[in-house]
Amino acid sequence: MIISGRTIYPGIVEGKALVTSMGISFFGGVDPETGEIVEKGHTLEGQCIAGKILVFPTGKGSTVGSYTLHRLKANGVSPAAIINQTCEPITAVGCIIAEIPCIDKIPLEAIPQGCYLKIDANKAIVEILG
Amino acid sequence: MHLTTEERAMLEGKSGKAVQKAMQILVALGTIYEADGMIPVSSVQVAGVSYDNLGDAGIQFLGDMLAGGASTHVLTTLNPAGMDIENWQTLGMAAEFAQKQMQVIDTFKRIGIIPTCTCTPYFCGNLPGYGQHIAWAESSAVCFANSVIGARTNREGGPGALAAALTGRTPCFGFHLIQNRKPGITFDIERPKSPETADTTHWFGALGKTIGQHIESMSDNPVPYIRGIESASIEGLKSLCASLATYGGCALFHMEGITPEAIQFSPPQVTIRISTEMVEAASDSMTDADSSDVDFVSLGCPHLSIREIARLAQLLNGQQVKKEFWITTSRQIKQLADQAGYRRVIEDSGAKIAADTCCVVAPIKGRFNAMATDSAKACFYARSKHRMKTMFRTFDEVVLEALKG
Numbered sequence: 001m002i003i004s005g006r007t008i009y010p011g012i013v014e015g016k017a018l019v020t021s022m023g024i025s026f027f028g029g030v031d032p033e034t035g036e037i038v039e040k041g042h043t044l045e046g047q048c049i050a051g052k053i054l055v056f057p058t059g060k061g062s063t064v065g066s067y068t069l070h071r072l073k074a075n076g077v078s079p080a081a082i083i084n085q086t087c088e089p090i091t092a093v094g095c096i097i098a099e100i101p102c103i104d105k106i107p108l109e110a111i112p113q114g115c116y117l118k119i120d121a122n123k124a125i126v127e128i129l130g
Numbered sequence: 131m132h133l134t135t136e137e138r139a140m141l142e143g144k145s146g147k148a149v150q151k152a153m154q155i156l157v158a159l160g161t162i163y164e165a166d167g168m169i170p171v172s173s174v175q176v177a178g179v180s181y182d183n184l185g186d187a188g189i190q191f192l193g194d195m196l197a198g199g200a201s202t203h204v205l206t207t208l209n210p211a212g213m214d215i216e217n218w219q220t221l222g223m224a225a226e227f228a229q230k231q232m233q234v235i236d237t238f239k240r241i242g243i244i245p246t247c248t249c250t251p252y253f254c255g256n257l258p259g260y261g262q263h264i265a266w267a268e269s270s271a272v273c274f275a276n277s278v279i280g281a282r283t284n285r286e287g288g289p290g291a292l293a294a295a296l297t298g299r300t301p302c303f304g305f306h307l308i309q310n311r312k313p314g315i316t317f318d319i320e321r322p323k324s325p326e327t328a329d330t331t332h333w334f335g336a337l338g339k340t341i342g343q344h345i346e347s348m349s350d351n352p353v354p355y356i357r358g359i360e361s362a363s364i365e366g367l368k369s370l371c372a373s374l375a376t377y378g379g380c381a382l383f384h385m386e387g388i389t390p391e392a393i394q395f396s397p398p399q400v401t402i403r404i405s406t407e408m409v410e411a412a413s414d415s416m417t418d419a420d421s422s423d424v425d426f427v428s429l430g431c432p433h434l435s436i437r438e439i440a441r442l443a444q445l446l447n448g449q450q451v452k453k454e455f456w457i458t459t460s461r462q463i464k465q466l467a468d469q470a471g472y473r474r475v476i477e478d479s480g481a482k483i484a485a486d487t488c489c490v491v492a493p494i495k496g497r498f499n500a501m502a503t504d505s506a507k508a509c510f511y512a513r514s515k516h517r518m519k520t521m522f523r524t525f526d527e528v529v530l531e532a533l534k535g
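Residue numbers (my numbering), protein chains in the order written: chain U, 1 to 130; chain H, 131 to 535.
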C-alpha cells in the first residue's frame, strides 16, 4: 500500500515502524544519549527510537527539542525517519538540522505497529512493505 | 510557496551550507503555516542562548552553522545567557558551565550577532519601528514588539530566528498579515481602587495571568482588545507582555488609548469583564511561600530598566540586605547604573547585579527553596523549571523582603 503526504525534509530510507497515538516531546521526553523514550506514562516509555521510522501525531514541548533531534543524530540513535499527522515547527526544524527524512499529512491509523516501511520523502510517499 | 530567484539559489546552496540550512528551515515553516512567500525582515532577536537549555546538541548545531559560513544580514541581538559573563563566580556558577556558556556566546559573536544578552532588546539598540517586519524569539519581547511598538513578528524559536538572521527573511504568515492582527475578544478591566496599585509591574503581571488564562482556554487563541486602562508605564507593559506570553501564549494584544494599532479596530462583541477580585485571585495564586521560606529574592524578569534601577537604589540606600538578592538586567543598563552611581549603592547593600542572565535561564534548580519576585513570569518558571516556591509581591515589597531577616 502506498500513502502520500507532504515533504518536510527529503530522503529515502527503509525501516520498522514505531507507532504511537501520543505526541512526543524530544526535549525531556527522549534520552539524547540512548534514544530511549523516557516520558513517564508515554505509550512508548522504555522503547528505543534509534533506527526506527517514528510515527506520531505531532510534536510538543520546548522548542529546544529541535536541538535534541540533532544530538540524537550525532549520537547515532536518531530515528531513521519521522512520519507525522501534522508536523509542527519543533519536529520540522529538528529534522532539517539533523537531516532526518520527514513526511506529514499521513493518517496514522493506516500504519500498523512494527510493520516494515519504505519512505521516499523526496516524493512524499510512504510504502507499507509488510 | 513562491520563492524569488535569489531565495531559490539560497535553497540550492549557492550561498553556502549555513544559508542553505537556514532557507530549508524557513521553507519548512512556511510550508507548515501555508505562507505564500518570504518577507524581508529588518531586525532579529535570537533565543536559545543559555547552555542550560541549549546543551551540547545546541553547541554542535551552532558550530556546524558557523563552519558552514553563517553570517548575519540584519541587526541581530541575543537573549539572556545562563550567567553573568564577567561576574559568574560571585553568582556561584560552576567553571565547566561557564566555559560551555562562553563557547556558545563566542559562536554567536562570530556569526555576527551582537551579544546584548537581554530579553529587553528594545532598551539596548534593537528597537524596530511601527509596522516593520521582524523575526524575534523571546516570548515577552515578541509580545512587546507586536503590541507596544506595532512591529510585526511571529513567535520564533531559536533556529527559526537564526535562519531569519542569516537570510534576512522570514515566511510571511501569522502576525505579519494585518488580517491576523484583528482582535477577537474584548477584556473590560476594572481598575484597582487605590492608584498606587495600578500601573505596577506586580498588578500588570497579575492582570496578564488573568487574561492569559482566558485566552489559553479558548480554542482559537484570539487577540485580546483590552479596555479600561488609563495609563501604563513602559515597565508595566513589559511586565504585562511577559505574563500574557507565559500564561496565555499571547504574542499580540491591543490596549485602547495605549497601544498604536488599537485605534484601527473596534472592540469585538464578545466581552469578558475582569474584576479587581479576579486580578487579586491571580496574584494570590502565585504565592505559596511565606517570609520564613524565602531564601532568594529577585527583580528583573524581564530585565530591569534604568528607571527601575534608580528606584531600587533609592530603596536600598544605606541598608543591608539579609537574603541572597539578584538584580537581573542587561550589561548596557548595568553600565548606565554604574555611571549614574546606582551600582555602588546597590552593591554596597549586598545585593548582586547579575547582568546578561535571568532567573528563568540560569541553572539555579536545587540552589534555593523559595523566591520572592514582582514577576508573574518568573513565578511560573521558578515553580515549573526550578521546583521552587514563590512569593509574588510589588517591586517595593520585594526589596523589603530582601532587607528582612
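Cβ atoms here follow ideal geometry from the backbone N, Cα and C, with glycine treated the same way.
Source: prediction; values computed, not measured.
| message | Please confirm whether U:T58 has its beta-carbon closer than 8 Å to some beta-carbon of chain H. | response | no
| Using a beta-carbon distance cut-off of less than 8 Å, what residues from the region 323–336 of chain H approach chain U? | none
| query | Bridge partners of U:G59, per DSSP? | reply | U:I24
| query | DSSP three-state call for H:D478: helix, strand or coil? | reply | helix
| task | Show which residues of chain H have a CB atom less than 8 Å away from the CB atom of U:V93. | result | I155, A158, L159, G287, P289, G290
| field | Min CB distance H:L184 to chain U below 8 Å | value | yes
| Length at least 3, wholly inside the region 381–440 of chain H: the beta strand (DSSP E) runs in chain order | 401–404, 426–429
| query | Does the beta-carbon of U:P112 have 16 or more other beta-carbons within 10 angstroms, so that it is buried, or is it exposed? | reply | exposed
| query | So is H:P493 buried or exposed if we call it buried at 16+ other beta carbons inside 10 Å? | reply | buried
| query | In the DSSP assignment, what are the bridge partners of H:M168? | reply | H:P301
| request: Examine chain H for any beta-carbon lying closer than 8 Å to the beta-carbon of U:I12, and answer yes or no. | output: no
| query | Using DSSP with H/G/I as helix, E/B as strand and the rest coil, what is H:F510? | reply | helix
| message | Taking the alpha-carbon of H:Q190 as reference, which of U:G65, U:R71, U:M1, U:T58 has the nearest alpha-carbon? | response | U:R71
| query | What's the C-alpha gap between H:H433 and U:I100? | reply | 38 Å
| field | Where H:F525 falls: helix, strand or coil (DSSP) | value | helix
| said: Suppose you measure from the CA of H:D414 to the CA of H:A224; what does that come to, to the nearest Å? | reply: 35 Å
| field | Rounded Cβ spacing between H:D478 and H:R403 (contact assumed at less than 8 Å) | value | Wrong, their Cβ atoms sit about 47 Å apart, outside the cutoff.
| message | Taking 8 Å as the cut-off, does the region 167–184 of chain H touch the region 287–295 of chain H (at least 3 CB pairs, one atom from each stretch)? | response | yes
| task | Could you work out which residues of chain H lie near U:P32, taking near to mean beta carbons separated by less than 9 Å? | result | G185, D186, A187
| request: Determine the chain U residues that contact H:Q190 at a beta-carbon separation under 9 Å, and present them in chain order. | output: Y67, H70, R71, A74
| Comparing the C-beta of U:V64 with each C-beta of chain H, is any distance below 8 Å? | yes
| Within the 8 Å Cβ cut-off, does H:K515 reach chain U? | no
| said: Do U:I96 and U:C115 count as a contact pair if the criterion is CB distance below 8 Å? | reply: no
| request: Just the C-alpha distance for H:Y355 and H:E320, rounded to the nearest angstrom, thanks. | output: 14 Å
| field | Cβ of U:I125 within 8 Å of any chain H Cβ | value | no
| task | Check whether the Cβ of H:K151 lies closer than 8 Å to any Cβ atom in chain U. | result | yes
| request: Note down the Cα distance separating H:C489 from H:A512, rounded to an integer number of angstroms. | output: 8 Å
| query | From U:K60 to H:I162, what does the alpha carbon distance come to, in whole angstroms? | reply | 15 Å
| request: Please report how far the alpha carbon of H:G480 lies from the alpha carbon of H:K368, in whole angstroms. | output: 27 Å
| message | Can you look up H:L466 in the DSSP assignment and give me helix, strand or coil? | response | helix
| query | How about the region 521–534 of chain H and the region 442–452 of chain H: do they share at least three Cβ pairs that are nearer than 8 Å? | reply | yes
| request: Taking H:T248 as the reference, give the member of H:L257, H:T207, H:Q150, H:R282 with the closest Cα. | output: H:T207
| message | Helix, strand or coil for U:L117? Go by DSSP, reduced to three states. | response | strand
| Contacts around H:G199, its chain only, beta-carbon distance under 6 Å, and the 5 residues preceding and following it disregarded | G146, A148
| request: Please report the residue range of the beta strand (DSSP E) in which U:R6 lies. | output: 6–9
| Using a Cβ-Cβ distance under 8 Å, would H:I243 count as near chain U? | no
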